Amino acid sequence: GAVVSQHPSWVICKSGTSVKIECRSLDFQATTMFWYRQFPKQSLMLMATSNEGSKATYEQGVEKDKFLINHASLTLSTLTVTSAHPEDSSFYICSAGRNGRNTEAFFGQGTRLTVV
Amino acid sequence: DAKTTQPTSMDCAEGRAANLPCNHSTISGNEYVYWYRQIHSQGPQYIIHGLKNNETNEMASLIITEDRKSSTLILPHATLRDTAVYYCIVLIGNNAGNMLTFGGGTRLMVKP
């Protein structure tokens, strides 16, 4: 089946630093990818829609200057958490679907970010 | 997209069938029912989806009522590895490669 890979799986960083998370579709092309955030014992919340070759679309309440998204190719989207604070500590998950095919969404394994 | 309602949690004995209900009373004619699950600290995993007919695959069966206002996901022989949060999601069209709106889901605990 289709595979979406995230890297890193787990990262600890100091407050004020920036962290980049990669989301790759390994065996298919994805014009659109989605970034979710999940706090402990809560459900996934959509943060933004990443569009290849154009600007990302952010959900209400998500700061675009803090969560920078770049979708430079059909197989890679990156989420950069800038000037991270402890409250940004969360589980970040990306998803993608195959271009032009009616299929299910494929999710990455998630990235657990801890800001200390 | 139609809203779904699921029980917060359920227990199931290992080896027995797990039946997870989902209410989607406001579902419209072009909306599909999708099921995903999330094992602790992992990304969600697709299970099955359907429109109005019952569906079965290697993981589970999906039973959709005739009026389509509710459905049941059936894991025929639950194992300890099926312990997870199960999400029922209703989507327009047959393309879940789009964004998904997750509700609270059902936390299934499979016990030995």
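Residue numbers (the working numbering), protein chains in the order written: chain B, 5 to 120; chain A, 18 to 129. All C-beta atoms in this analysis are idealised placements derived from N, C-alpha and C, irrespective of residue type, glycine included. No experiment lies behind these values; they were computed from the predicted model shown.
Cβ closer than 7 Å: which chain B residues qualify as neighbours of residue i?
i       : result
A:Gln59 : Gln113 and Gly114
In chain order, what residues of the same chain have a beta carbon less than 8 Å from the beta carbon of residue i, not counting five sequence neighbours either side?
i        : result
B:Ala109 : Phe38, Ser99, Ala100 and Gly101
A:Pro93  : Ala34, Ala77 and Ser78
B:Thr86  : Ser22, Asp69, Lys70, Phe71 and Leu72
A:Asn115 : Leu108
A:Thr130 : No answer is possible for residue 130 of chain A: it lies beyond the span of chain A, which begins at 18 and ends at 129.
B:Asp31  : Ala6 and Val7
Considering only residues of the same chain and omitting the five flanking positions on each side of residue i, which have a CB-CB separation below 6 Å?
i        : result
B:Phe2   : What is shown of chain B runs 5 to 120, which leaves residue 2 of chain B out entirely.
A:Leu117 : Ile106
A:Asn40  : Thr22 and Ser87
When we look at the beta-carbon of residue i and count the other beta-carbons within 10 Å, is it buried (16 or more) or exposed?
i        : result
A:His66  : buried
B:Gly112 : buried
A:Asp28  : exposed
A:Leu79  : buried
A:Glu83  : exposed
A:Thr22  : exposed
A:Glu48  : buried
B:Gln46  : exposed
A:Val102 : buried
A:Gly60  : buried
B:Val120 : exposed
A:Gly122 : buried
Can you tell which of the options has its C-alpha closest to the C-alpha of residue i?
i        : options                               : result
A:Met126 : A:Leu90, A:Asp99, A:Tyr49 and A:Ile44 : A:Asp99
B:Lys59  : B:Leu48, B:Gly65, B:Met49 and B:Phe71 : B:Phe71
B:Ser93  : B:Pro44, B:Cys27, B:Val8 and B:Met51  : B:Pro44
B:Ser54  : B:Leu30, B:Lys24 and B:Thr35          : B:Thr35
B:Val8   : B:Tyr62, B:Gly20 and B:Cys27          : B:Cys27
B:Gln33  : B:Ala88, B:Glu91, B:His75 and B:Leu83 : B:His75
B:Glu91  : B:Gly20, B:Gln10 and B:Asp31          : B:Gly20
A:Arg124 : A:Val50, A:Gln55 and A:Thr43          : A:Gln55
A:Ser88  : A:Ser26, A:Thr25, A:Leu37 and A:Lys20 : A:Leu37
B:Ser29  : B:Gly57, B:Leu48, B:Ala6 and B:His89  : B:Ala6
A:Glu72  : A:Trp52, A:Tyr104 and A:Phe119        : A:Trp52
Can you list, in chain order, the residues of its chain whose CB lies under 7 Å from that of residue i, leaving out five sequence neighbours each side?
i        : result
A:Met76  : Ile64 and Ile65
A:Pro15  : A question about residue 15 of chain A goes unanswered here, because the residues of chain A that appear run from 18 up to 129.
A:Lys69  : Ile81 and Arg85
A:Ser137 : Chain A is shown only over 18 to 129; residue 137 of chain A falls outside these bounds and no answer can be derived.
B:Gln10  : Ile25, Glu26, Cys27, Cys98, Gly112, Gln113, Gly114 and Thr115
B:Ala52  : Trp39, Ala60, Thr61, Tyr62, Glu63, Val66, Phe71 and Ile73
B:Leu50  : Phe38, Tyr40 and Glu63
Who are the neighbours of residue i on chain B, taking C-beta pairs under 9 Å?
i        : result
A:His66  : Glu108
A:Gly32  : Near A:Gly32 there are no residues of chain B at all, since even the closest Cβ is about 27 Å away, more than 9 Å.
A:Tyr103 : Per Cβ cutoff of 9 Å: no residues; A:Tyr103 is ~12 Å from chain B at best.
For residue i, go through chain A and note every residue whose CB falls closer than 7 Å to its CB, in chain order.
i       : result
B:Thr53 : Met116
B:Phe38 : Met116
B:Ser47 : Phe119, Gly120, Gly121 and Gly122
So which residues on chain A does residue i lean against when the C-beta distance must stay under 8 Å?
i       : result
B:Ile97 : Gly60 and Pro61
Indicate, with yes or no, if the ligand NAP has a heavy atom lying under 7 Å from the CB of residue i.
i        : result
B:Gln113 : Summarising the ligand content, the structure contains no ligands, and the ligand NAP is consequently not present.
Give the residues of chain A in contact with residue i, contact being defined as C-beta atoms less than 9 Å apart.
i       : result
B:Leu50 : Met116, Leu117, Thr118 and Phe119
Exercise for the section: Check whether the region 77-86 of chain B touches the region 21-38 of chain A, counting contact only when three or more Cβ pairs, one atom from each stretch, lie closer than 8 Å. Expected result: no
Problem - the region 15-23 of chain B touching the region 109-117 of chain B, judged by at least three CB pairs closer than 8 Å - result: yes
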